[in-house]
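This report refers to the structure that appears directly beneath it.
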Amino acid sequence: MIGAIEAGGTKFVCAVGNPDGTILDRTSFPTTTPEETLAKVEEFFSQHPIEKMGVGAFGPINLRANSENYGAIENTPKVPWRYYPFLEELEKRFNIPVAINTDVIAACLGEYEYGIGKDVSSCLYITVGTGIGAGLVQDGKPFQGRNHSEMGHVLLQKHPEDAFEGACPNHGTCLEGLASGPAIEARHGRKGAELADEDQVWEIEAHYLAQAILDFFVVLSPEKIILGGGVMKQEKLYPMVREKFMERLNGYIEVADVNELIVAPGLNDEQGVKGCIALAIKE
Numbered sequence: 131m132i133g134a135i136e137a138g139g140t141k142f143v144c145a146v147g148n149p150d151g152t153i154l155d156r157t158s159f160p161t162t163t164p165e166e167t168l169a170k171v172e173e174f175f176s177q178h179p180i181e182k183m184g185v186g187a188f189g190p191i192n193l194r195a196n197s198e199n200y201g202a203i204e205n206t207p208k209v210p211w212r213y214y215p216f217l218e219e220l221e222k223r224f225n226i227p228v229a230i231n232t233d234v235i236a237a238c239l240g241e242y243e244y245g246i247g248k249d250v251s252s253c254l255y256i257t258v259g260t261g262i263g264a265g266l267v268q269d270g271k272p273f274q275g276r277n278h279s280e281m282g283h284v285l286l287q288k289h290p291e292d293a294f295e296g297a298c299p300n301h302g303t304c305l306e307g308l309a310s311g312p313a314i315e316a317r318h319g320r321k322g323a324e325l326a327d328e329d330q331v332w333e334i335e336a337h338y339l340a341q342a343i344l345d346f347f348v349v350l351s352p353e354k355i356i357l358g359g360g361v362m363k364q365e366k367l368y369p370m371v372r373e374k375f376m377e378r379l380n381g382y383i384e385v386a387d388v389n390e391l392i393v394a395p396g397l398n399d400e401q402g403v404k405g406c407i408a409l410a411i412k413e
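For the sequence shown, this note's numbering gives the first residue as 131, with consecutive numbering after it.
This is the structure in structure tokens:
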């Protein structure tokens with residue numbers, strides 16, 4: 131059996147599964163302090179004879195394999211976790227091989243290996259929620275530069291009817307600053323779930339998502355682009371994003387079927403933990 135930890139900033143999801151992606155048991159609990167949270171992690175996995183573990187973690191996280199702080203959480207807003215040696219602590223507690231990457235890479239890898247991306251060679255996963263992040267898997271390998279990608283912070287052109295100055299404290303009008311869940315709430319004074327019937331809200335949201343997806347598409351040329359996260363629970367966004375993407379692409383690159391290019395996740399919110407299983411196997 132393989133252990134999986136989807137370590138989110140709000141909650142941890144722990145699971146055990148088989149190499150084929152079958153989840154045998156799982157639990158979840160709020161993310162509190164490292165000591166309290168890892169005590170619950172240890173309690174869950176003590177019931178299962180796992181041989182290795184994969185972890186998809188909230189960030190920023192040090193993914194430079196030659197660094198002495200590899201696998202540590204870096205300058206996160208979650209103060210108790212700031213500079214916490216996450217990978218080192220897991221290896222110490224469980225004494226098994228542990229593979230670690232970002233939570234969005236884990237989700238991408240889950241869909242690539244077991245879900246809607248399993249029939250393509252390259253897959254981009256974008257999560258649109260409290261923050262916006264993205265990860266690319268090419269030929270089964272997660273893309274990794276010096277640090278993990280921060281695609282949520284690409285800069286965008288403003289919608290002509292949007293006076294909002296942006297919610298990102300560093301960049302203002304980047305993708306995360308304009309299209310994340312907190313950006314929607316700050317712009318309109320209500321959470322996205324309360325604005326389901328407000329067409330202008332989602333027209334603006336689709337404008338920003340389509341613009342960013344075009345940027346990623348012309349740079350990375352992925353075969354599949356998966357949009358997940360809490361904001362994308364507004365399913366009306368998918369056709370709107372596709373339409374605006376094709377308008378902006380303007381025939382420059384041929385897209386046979388945009389409905390097959392830009393898609394929803396296929397694993398019913400299990401892409402994170404299944405991706406952690408795949409991460410452990412590959413490592």
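By construction, the Cβ of each residue, glycine as well, lies at the ideal position given by its N, Cα and C atoms.
Can you give me the Cβ contacts of residue i inside the same chain, cut-off strictly under 6 Å, excluding the 5 residues immediately before and after it?
i, result
"phenylalanine 294", "Arg317"
"glutamate 413", "Ala229"
"asparagine 199", "Asn192"
"glutamate 315", "Lys321"
If I'm right that residue i touches residue j with Cβ under 8 Å, what's the distance once you round it to whole angstroms?
i, j, result
"glycine 151", "tyrosine 244", "4 Å"
"alanine 313", "alanine 323", "15 Å between Cβ atoms; not a contact."
"glycine 201", "threonine 232", "The pair is not a contact, with the Cβ atoms about 12 Å apart (cut-off 8 Å)."
"cysteine 253", "isoleucine 383", "Not really, about 18 Å apart at Cβ, beyond 8 Å."
"aspartate 292", "isoleucine 334", "5 Å"
"threonine 157", "lysine 141", "With a Cβ gap of about 10 Å, threonine 157 and lysine 141 do not count as contacting."
"arginine 378", "alanine 340", "6 Å"
Excluding the 5 residues preceding and the 5 following residue i in the sequence, name in chain order all residues of the same chain whose CB lies nearer than 7 Å to its CB.
i, result
"proline 190", "Glu204, Asn205, Thr206"
"glutamine 274", "Leu193"
"glycine 104", "This structure gives no information on residue 104, because the portion of the chain shown stretches from 131 to 413."
"phenylalanine 375", "Ala340, Ile343, Leu344, Val388, Ile392"
"valine 234", "Tyr255, Thr257, Gly263, Ala264, Gly265"
"glycine 360", "Gly259, Gly311"
"glutamate 173", "none"
Are residue i and residue j close, meaning C-beta to C-beta below 8 Å?
i, j, result
"leucine 286", "threonine 260", "no"
"glutamate 230", "valine 185", "Residue identity differs from the one stated: residue 230 is isoleucine in this sequence, not glutamate. Contact flag set, yes."
"glutamate 353", "serine 279", "no"
"threonine 257", "glycine 139", "no"
"alanine 342", "valine 284", "yes"
"alanine 236", "glycine 396", "no"
"tyrosine 213", "proline 164", "no"
"cysteine 144", "phenylalanine 175", "yes"
"phenylalanine 216", "methionine 183", "no"
"tyrosine 338", "leucine 305", "yes"
"isoleucine 246", "valine 403", "no"
"tryptophan 332", "methionine 370", "yes"
Measuring straight from C-alpha to C-alpha, what distance separates residue i and residue j?
i, j, result
"glycine 282", "valine 349", "15 Å"
"tyrosine 364", "alanine 336", "Correcting the residue identity first, residue 364 is glutamine in this sequence and not tyrosine. When rounded, the distance between both Cα atoms is 11 Å."
"asparagine 380", "arginine 372", "12 Å"
"glycine 319", "serine 310", "14 Å"
"leucine 239", "lysine 288", "32 Å"
"glutamate 241", "isoleucine 135", "16 Å"
"asparagine 389", "lysine 366", "13 Å"
"phenylalanine 159", "alanine 169", "11 Å"
"aspartate 345", "aspartate 399", "26 Å"
"phenylalanine 347", "glutamate 328", "29 Å"
"lysine 208", "alanine 386", "43 Å"
"aspartate 155", "proline 290", "49 Å"
"valine 171", "glutamine 330", "43 Å"
"alanine 195", "leucine 325", "43 Å"
"lysine 222", "serine 197", "18 Å"
"glutamate 219", "proline 210", "15 Å"
"glycine 270", "aspartate 249", "11 Å"
"serine 351", "arginine 276", "21 Å"
"isoleucine 407", "alanine 137", "13 Å"
"glutamine 268", "proline 149", "20 Å"
"tyrosine 368", "threonine 167", "35 Å"
"proline 272", "glutamine 401", "15 Å"
Tell me which residues share the same chain as residue i and place their Cβ nearer than 8 Å to its Cβ, disregarding the 5 neighbours each side in the sequence.
i, result
"proline 179", "Met131"
"valine 146", "Met131, Ile132, Gly133, Ala134, Ile153, Leu154, Asp155, Arg156, Phe175, His178, Ile180"
Can you find a C-beta in chain D that's less than 8 Å from the C-beta of residue i?
i, result
"valine 143", "No chain D is part of this structure, which consists of one protein chain only."
Practice problem: Pick out the complete beta strand (DSSP E) segments inside the region 157 to 240, 3 residues or longer, and give them in chain order. | Solution: The qualifying runs are 182 to 187, 228 to 232.
Self-check item: beta strand (DSSP E) runs wholly inside the region 240 to 285, at least 3 long, in chain order
Solution: Correct list: 252 to 258, 262 to 268.
Exercise. Could you tell me which uninterrupted alpha helix (DSSP H) segments, each at least 4 residues in length, are contained entirely in the region 277 to 360, listed from first to last along the chain?
Key: Those alpha helix (DSSP H) runs which fall completely within the region 277 to 360 and span 4+ residues are 305 to 309, 311 to 318, 329 to 350.
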